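Reminder that position 285 of the sequence shown reads as 284 in numbering that gives the first Met the number 0, one-by-one numbering, no gaps.
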Amino acid sequence: MVCRERRSHRCGERRPTLHPQVLFRAGEGNYGGYRIPSLLVTKTPQTVLVFAEARPALDGFGVPFPDRAVTEIVMRRSVDGGRTWSKRRVVVPSKKVTTGNPCAVLDRQTGTVFLLFCRGIAPAKAGETNKTAHIIKSTDDGLTWSAPVDITGAAKGKDWKHIFTGPGHGIQLRSGRLLMPCVGQYGVQFSYMLYSDDHGKSWQRTAALSGEAMLDNKLTWLKLGKKPLRYSPGNVSDECDVLELADGRVYFNARSRLEVGYRAYAYSRDGGLKWSRVKFHPQLPESVVDGGLTRLPRENVLLMSRPTYQYKNGMPYGGVWSHRRNLTISASFDDGRTWPLARLIHKGPAAYSDLAVLPNGEVLCFYEGGKKFRYESMLLARFNLAWLKKPPALKAGSPKSRDRK
0 MVCRERRSHR
10 CGERRPTLHP
20 QVLFRAGEGN
30 YGGYRIPSLL
40 VTKTPQTVLV
50 FAEARPALDG
60 FGVPFPDRAV
70 TEIVMRRSVD
80 GGRTWSKRRV
90 VVPSKKVTTG
100 NPCAVLDRQT
110 GTVFLLFCRG
120 IAPAKAGETN
130 KTAHIIKSTD
140 DGLTWSAPVD
150 ITGAAKGKDW
160 KHIFTGPGHG
170 IQLRSGRLLM
180 PCVGQYGVQF
190 SYMLYSDDHG
200 KSWQRTAALS
210 GEAMLDNKLT
220 WLKLGKKPLR
230 YSPGNVSDEC
240 DVLELADGRV
250 YFNARSRLEV
260 GYRAYAYSRD
270 GGLKWSRVKF
280 HPQLPESVVD
290 GGLTRLPREN
300 VLLMSRPTYQ
310 YKNGMPYGGV
320 WSHRRNLTIS
330 ASFDDGRTWP
340 LARLIHKGPA
350 AYSDLAVLPN
360 GEVLCFYEGG
370 KKFRYESMLL
380 ARFNLAWLKK
390 PPALKAGSPK
400 SRDRK
């Protein structure tokens, strides 16, 4: 895909643009399909890395592209801002176990790229460690990678049943701290972060995020009779993303637990160590799925990607995972307090996504999607703020499509 204004690297900032391209297609290579996007722009201008899980077509129960299967992590690399790509290659072989949940982060001070991932089959009994966390690094923009280092001791509490790394990407704060999103479970499932203050030499855990024991009626689409569904305070968020705001706070946005139907969010004032109570945002409907999160630094605009879905019968947006459709980009101009602008980027089946910003201000969205099935392909869409603002933009929290298949 080549920008129409070929002579200008800033073409995406001047006129509305949207350029999708397929990077991984189900059935290619020796794999049944590809899932779980991780997207990163490196320190070298225009160098972009994408990572994905390569999965078998079916498991023994007929489940397509199963989570619990022999998988491995593959990548592709671009040196022209995502317009052309290297061939697919394996960066983390399976070793005959589930290997996945890639989560990449760039240390801007050293130029090192870290890739966090996990291995094993979950869940396990409390105290057992059949799900392990590992990290590899590259000092040449993804051309070569170090051997994996097992960091399970730092990532997993002693009484936890299992952990999941990422997926998506981590961030580096202005202080130099690296923050990597993770999910743990010790009875309830919760979000937390791994962090490093020494450029990835050692890692520690932050506090787990928690929320209210009962949700507001207005935000709870699933009810038990006339009462809103009750939740454990720790059982409120799942796969998550973070970014640093202009004022130094860290913003957290996550997949909700137990099909709430709206994105979870929280803030931290101490670099991600402690968090405010998790709440749910009525302008961010979701289909219970991992999403993407990034910030346009020059414009100070937050962007969030995830599938949204509206039932014909009038139920609020969101729904069970099988209804993952209509990938939507939402924008916030006030540090995540409101999300007044949204636009559909992929109509039809879609699932996980990740976001990144190029030096010229263009935004990349790496996502799972297709025409008939949400895991047909993994695509990269390039767009800009002008495209997002161009009519027909969607009313906040209101995906335009009402189709149901």
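Beta carbons are placed, not taken as given, at the ideal position from N, Cα and C, and that holds for glycine. All values reported here derive from a predicted model rather than from experimental measurement.
Compare the beta carbon distance of residue i and residue j with 8 Å and say whether it is the shorter of the two.
i	j	result
N405	A245	Absent from the model: residue 405. The displayed extent of the chain is 0 to 404, so no value can be given.
I150	A132	yes
Y33	R54	yes
G352	S275	Per the sequence shown, the amino acid found at residue 352 is Ser instead of Gly. No, Cβ-Cβ distance for S352 and S275 is not below 8 Å.
D79	P166	no
N100	F50	no
G26	D106	no
N383	P15	yes
S376	F64	no
R87	G28	yes
Q188	D237	yes
M192	G291	no
A154	C181	yes
R118	T98	yes
C102	M179	yes
L283	A330	no
Can you name the start and end residues of the beta strand (DSSP E) that residue i belongs to?
i	result
A405	The shown model of the chain, from 0 to 404, leaves out residue 405, and the question about it has no answer.
F116	112-119
R262	261-267
A51	47-54
Y185	Premise fails: Y185 is in no beta strand (DSSP E) and is neither H nor E.
P19	17-24
G368	362-368
D237	236-243
E71	71-77
Just verifying my parser: in three-state terms, what is the DSSP assignment at residue i?
i	result
H133	strand
H280	strand
H322	helix
Y308	coil
H198	coil
R256	coil
V300	strand
V104	strand
Y33	strand
L178	strand
R294	strand
W84	coil
L228	In this prediction, L228 scores a pLDDT of 43, lower than 50, which makes its location untrustworthy; the coordinate-derived value is nonetheless stated afterwards. Residue state, collapsed to three classes: coil.
T164	strand
S275	coil
L38	strand
Y250	strand
S331	strand
A380	strand
V96	coil
L193	strand
R336	coil
R204	strand
In chain order, what residues of the same chain lie with their CB nearer than 6 Å to the CB of residue i, ignoring the 5 residues before and after it?
i	result
N147	For the sequence presented, residue 147 should be read as Pro rather than Asn. Cβ within range, chain order: H133, I135.
R3	Below a pLDDT of 50, predicted positions are generally treated as unreliable, and R3, at 37, falls in that range; the measurement from the model is reported next regardless. The answer is none, since no qualifying residue turns up.
A380	P19, I344, C364
V277	L208, G210, V235, S236, A263, A265
W202	I150, A153, L193, S195
G110	K42
V90	I72, M74, W144
Between which two residues does the alpha helix (DSSP H) containing residue i stretch?
i	result
T151	151-154
A385	384-388
Pick out whichever of the options has its Cα sitting closest to the Cα of residue i.
i	options	result
K94	L105, I72, K388, R256	I72
S190	Y264, G260, G199, K200	Y264
F113	S85, V40, V69	V40
Y261	W338, A207, Q203, Q188	W338
K42	P92, Y30, E285, S137	S137
V241	T46, K370, G31, H168	H168
P296	G186, R173, H280, F251	R173
T46	V104, L357, Q282	L357
A253	V287, K371, E243, G247	V287
D334	I35, Y250, L283	Y250
In chain order, what residues of the same chain lie with their CB nearer than 7 Å to the CB of residue i, ignoring the 5 residues before and after it?
i	result
Q184	P122, W159, K160, H161
A349	P306, R323, R324, N325, L326, Y366, E367, G368, R373
W386	P15, T16, L17
P406	Within the shown structure, residues of the chain are numbered from 0 to 404, placing residue 406 beyond reach of any answer.
K273	A206, S267
P44	P358
Suppose the cutoff is 8 Å on Cβ atoms and the five residues either side in sequence are ignored; what does the same chain contact list for residue i look like?
i	result
G108	Going by the sequence as given, residue 108 is Gln instead of Gly. So the qualifying residues of the chain are Q171, G175, H198.
P390	none
T143	S137
G293	Reading off the sequence, residue 293 comes out as Thr, not Gly. For T293, where only same-chain residues beyond five positions count, the Cβ hits under 8 Å are L242, L301, L302, L354, A355, V356, V362.
Could you check whether the Cβ of residue i sits closer than 8 Å to any Cβ belonging to chain D?
i	result
P284	The structure shown has no chain D; it contains just one protein chain.
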